[in-house]
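Numbering (my numbering), first residue to last: 455 to 871.
All residues carry an ideal CB built from backbone N, CA and C; glycine is no exception.
Predicted model only: the values in this text are computed from it and were never measured.
Read the structure below first, then the notes.
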RNA sequence: GAGCUCGUAGCUCAGUUGGUUAGAGUGCCAGGUUGUGGCCCUGGAGGUCGGGGGUUCAAAUCCCCUCGGGCUCCCCA
């Protein structure tokens, strides 16, 4: 097929009307359920200062080192947000949201940008929804955040998921563990896969994630991070697990679960789906007790998660779950002749002001074509009007699903709704 | 950054060892029913076969280059 002259950029997709109905359904559901959990929505700009993202996520993370869309204009450096935890924390600090008292329970829905090679479940502009709880170090917050995440997927009907959790402790515990891990791997450095060799200095924890066959023997015998946690970390982790059990949420402990952003501390978790292909993480998150301070706020513990909306929609597709309704309209006015067309146009506002969705032909076509259009638009009713109806002041009111008609005044028709 | 793979009507795809004006289904438009949709019948519009170059009497088909998409590695939602 001939390619059009103008197209979206690589990895950026248009969401067309039939798809938008699913998105609206999903967004409505998220907002409604978030309110049930007493979370409030926050909306931040699409662009942030580059420095916020670099400092927040970590200079050496993949996201920052090779996946951000950044540009400068005059003195200012802009970056298209690749995630929303750091921006939400920025807003929290900038607007002193901590002063509102208690813990801040925020949720968001919106587009994110990462300059990666697209593939299934991965785009350059994609959408996430997520929660952040700022100001609580209590494991109840961890449990509620996870509970909300699971709740959304259950509500939609995506149930064959696996919740993986781990604790990566505080920075001191993690540094001790990193050294132990490197000491374990070093004697066999030459036998590691190429990617793992690269990770060895930069981010040894990531080697635990390796899917390379040659790495497996060393991963299996590697020390486990949970053995390096201090008492506070262990206590917190145990409480999280205890609360999840209390909530009836099953989970799988994965001592090799490591996440991509530097800001994580303590609890880390991911929700995995077998229906997604290579990119199998539906959602992920964790605790980030040091980020608020890192960004310039008072020391403030926090926990949150982010979920990929495209991935959620892919899972629905795979599972045959249909989100939202087909398009439809309450009334389609079918007209014959100029006088009737004029009358029809004048009735549309009356129908709409009564809460009835209504439309008519915009193309000046035959009655048959109008009926066909009414059918295509899934009109529940058609009002058919020609010279006879105008003369008598009674109009043909056709139930399109039952194929039954009656002759009614316009007021009677309004009374039918 | 790397690998694999695919580009033929709006969509899903046929197209036999290169051989006339490139097909089907579906969708779209119209007619059959000069006032009635869905089913059915008939007709129509719609394609520079992604683009450029080459080989050939002849290219959707073979060769080269190029553009675009998809999947995968890395990493992540």
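- residue 817 classed as buried or exposed, judged by whether at least 16 other C-beta atoms fall within 10 angstroms: exposed
- Query: How many angstroms separate the CA atom of residue 542 from the CA atom of residue 554?
  - Reply: 15 angstroms
- Find out if the Cβ-Cβ distance for the pair residue 678, residue 709 is shorter than 8 angstroms. yes
- So, is residue 629 buried or exposed, given that buried needs 16 or more other C-beta atoms within 10 angstroms? exposed
- Please work out which residues of its chain come closer than 6 angstroms, Cβ to Cβ, to residue 488, disregarding the five sequence neighbours upstream and downstream, and give them in chain order. 561
- Message: Determine whether the beta carbon atoms of residue 725 and residue 476 lie at a separation below 8 angstroms.
- Response: no
- Item | Beta-carbon gap between residue 649 and residue 666 smaller than 8 angstroms | yes
- Message: If you follow the beta strand (DSSP E) that residue 559 is in, where does it begin and where does it stop?
- Response: 558-567
- Task: Could you tell me whether the stretch 614-633 touches the stretch 786-799, using the rule of 3 or more Cβ pairs below 8 angstroms?
- Result: no
- Item | Residues near residue 856 by beta carbon distance below 6 angstroms, same chain, minus five either side | none
- In whole angstroms, what is the alpha-carbon distance linking residue 523 and residue 507? 11 angstroms
- Query: Sorted by chain position, which residues of the same chain lie with C-beta nearer than 8 angstroms to residue 752's C-beta, five sequence neighbours on each side aside?
  - Reply: 552, 746
- Query: Which of helix, strand or coil does DSSP assign to residue 464?
  - Reply: coil
- Task: Could you check if residue 859 is buried or exposed, using at least 16 other CB atoms within 10 Å of its CB as the buried criterion?
- Result: exposed
- Task: Within the stretch 781-811, note down every full beta strand (DSSP E) run reaching 3 residues or more, in order along the chain.
- Result: 783-789
- Please go through the same chain and pick out, in chain order, the residues whose beta-carbon is closer than 7 angstroms to the beta-carbon of residue 459, but skip the five residues on each side of it. none
- Inter-residue spacing [alpha-carbon to alpha-carbon] between residue 803 and residue 851: 18 angstroms
- Task: Could you check what DSSP says for residue 522 in three-state terms: helix, strand or coil?
- Result: coil
- Using 8 angstroms as the Cβ pair cut-off and three pairs as the minimum, do the stretch 580-593 and the stretch 628-646 touch? no
- Task: Thinking residue 701 and residue 593 are a contact (beta carbons under 8 angstroms), I'd like their distance in whole angstroms, please.
- Result: Rounded, the Cβ-Cβ distance is 12 angstroms, inconsistent with contact.
- Query: How long is the line joining the alpha carbons of residue 497 and residue 536, rounded to whole angstroms?
  - Reply: 15 angstroms
- Under the assumption that residue 849 contacts residue 843 (Cβ atoms under 8 angstroms), give the Cβ distance between them as a whole number of angstroms. 5 angstroms
- Message: Give me, in chain order, the residues of the same chain whose beta-carbon lies closer than 7 angstroms to that of residue 547; leave out the 5 immediate sequence neighbours on both sides.
- Response: 746, 749, 750, 751
- Query: If you draw a straight line from the C-alpha of residue 778 to the C-alpha of residue 611, how long is it?
  - Reply: 13 angstroms
- Message: Taking a contact to mean a Cβ-Cβ separation below 8 angstroms, would you say residue 597 touches residue 694 in this structure?
- Response: yes
- Mapping DSSP to helix, strand and coil, what is residue 839? strand
- Task: Sort out for me which residues DSSP pairs residue 760 with in a bridge.
- Result: 584, 738
- Message: Less than 6 angstroms between C-beta atoms, sequence neighbours within five positions excluded: which residues of the same chain meet that for residue 664?
- Response: 650
- Query: Less than 7 angstroms between the CB of residue 700 and some heavy atom of the ligand GTP, yes or no?
  - Reply: As for the ligand GTP, it is missing from this structure, which has no ligand bound.
- The beta strand (DSSP E) spanning residue 616 covers which residue range? 616-621
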